[in-house]
Structure formats: C-alpha cells, structure tokens
Amino acid sequence: MADRFEARGREVLPADYLRTAGGELVPGEDFATKTLPAILDTLANPDALAADASRDRLDLAKDAGSLEMALDTAEAIQAADGLERMLAHQLATAHVAAMKAAAVMGQQLDYADRTIGAERQAACVEATRMAGAFAKLTGSFQAGMQTLQRVRSGGRQTVVVQYNTVGEGGQAVIGAQQHVGGGGRRRKGRGGQGA
19 MADRFEARGR EVLPADYLRT AGGELVPGED FATKTLPAIL DTLANPDALA
69 ADASRDRLDL AKDAGSLEMA LDTAEAIQAA DGLERMLAHQ LATAHVAAMK
119 AAAVMGQQLD YADRTIGAER QAACVEATRM AGAFAKLTGS FQAGMQTLQR
169 VRSGGRQTVV VQYNTVGEGG QAVIGAQQHV GGGGRRRKGR GGQGA
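Offset between the sequence shown (1-based) and our numbering: plus 18.
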C-alpha cells in the first residue's frame, strides 16, 4: 500500500503549472480547484512530493514575512534544487529579520536620545538586545553563504599562503605556496624556496 502512495506521489504533475521566481511552480488561476504549488527541480518533471515540499517552503517563507525576498534570492543565486532553495529562503529570512532588528535598534537609540532616567536605560537595553540579534542574524547569513559555496564546490577549499622575503641589496622576492583541499600537494610559486 505504501508503494502505491509513493508511486502516486512520484507521478509527473500536469503541464499547466506555471514557473515563477526561484524555481517554484504555482498553478494557474484555478488554484482552489487544482493541486497546491509545486517545485521545478533539476529533474524536468516535478512530482507531487516535490510539490508538497515547494508549498511548505513557500508557506514557511510567507509566515516568516520573507516570501518575496525568498523567491528573489532563490532566483538571484540560481538555486538548482530544493536544498539550494531552502538555503536561499533561509538567507532571505535571516536578512529580513536582521534588517528589522536594526530598525528597532535605531528606533530605540533615537528614543533614548529624547528621554532620561529609567526610560532611557530601558531603551538602551533594548537597543543593545537588538544589536546582538542583528549580529547573530548577519552571522547566520554569512554562514549560509559559506554553506551554499561549500555545497556548490563539493567541499573543496583553497588556501593561499604567501611569503615575502627581502634579499641582499634590498630587493624583494615574493613567493607563494598553495595548499588545495586541505591535504593537497604543495605548489611552489614564482621565486618560492619551499618550506
């Protein structure tokens, strides 16, 4: 029985679905009578399971107040699959929340400038709290960008180490060594002496 449900979930969706920003699909004008939004993955024909995942992603982004930005971000990074779309939606949501925290922080600082005593102290505490939230959210955004880069590069990392040496007579000789992938061979650059 479970196999039948899975097979039904894997059936290709009707061709009358329209593609929209960020690789998400939404049905035509007759939304109330048709299946909910679907996702267009790198596979050419989305299935019902992907449609449910797409609907859930869109609902979550809408509830977080970042739907339009999430779709725009997914399109901007050219999200290739559901994982990249989730990352794009997280990036957009972190950005929206960070900007809202920054706005509240600014409002509280402005209010603190106009007040005295306990009200001023409370406004400063709230501004500090919002500054912390802003810092954490922008850190999450940057971590998400790094995650996206790692997903797309297959986890490969390149570290470039440069050495500057001044020889006799004051002439500088600059050499570079490059370590690739955390355990790759050492490559000598121009003028390098090796370590």
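Idealized CB from N, CA, C, for every residue including glycine.
Query                                                                                                                                                                                              : Result
Can you find the residues in the same chain that come closer than 6 Å, C-beta to C-beta, to Arg138, ignoring five residues on each side of it along the sequence?                                  : Ala130
Taking 6 Å as the cut-off, is the beta-carbon of Ala153 closer than that to any non-hydrogen atom of the ligand SAM?                                                                               : In the structure on display, the ligand SAM does not appear, and there are no ligands present to speak of.
Could you tell me the distance, in whole angstroms, from the CA atom of Leu78 to the CA atom of Thr176?                                                                                            : 35 Å
Can you tell me whether Gln108 is helix, strand or coil according to DSSP?                                                                                                                         : helix
For the beta strand (DSSP E) containing Thr176, list its first residue and its last residue.                                                                                                       : 176-184
Alpha carbons only, please: which of Ala151, Gly185, Val122, Thr133 is nearest the one belonging to Ala112?                                                                                        : Ala151
Would you please state the rounded distance, in angstroms, between the beta carbons of Arg73 and Met104? I believe it to be under 8 Å.                                                             : Their Cβ separation, rounded to whole angstroms, is 13 Å, which puts Arg73 and Met104 out of contact at 8 Å.
If we ignore side chains and look at the alpha-carbon of each, how far apart do Gln96 and Met163 end up?                                                                                           : 13 Å
Could you tell me which uninterrupted alpha helix (DSSP H) segments, each at least 4 residues in length, are contained entirely in the stretch 133-182, listed from first to last along the chain? : 135-171
What do you get for Leu101, buried or exposed, if any count of 16 or more other CB atoms within 10 angstroms of its CB means buried?                                                               : exposed
Would you kindly work out how many angstroms separate the C-alpha atoms of Leu89 and Asp81, rounded to a whole number?                                                                             : 14 Å
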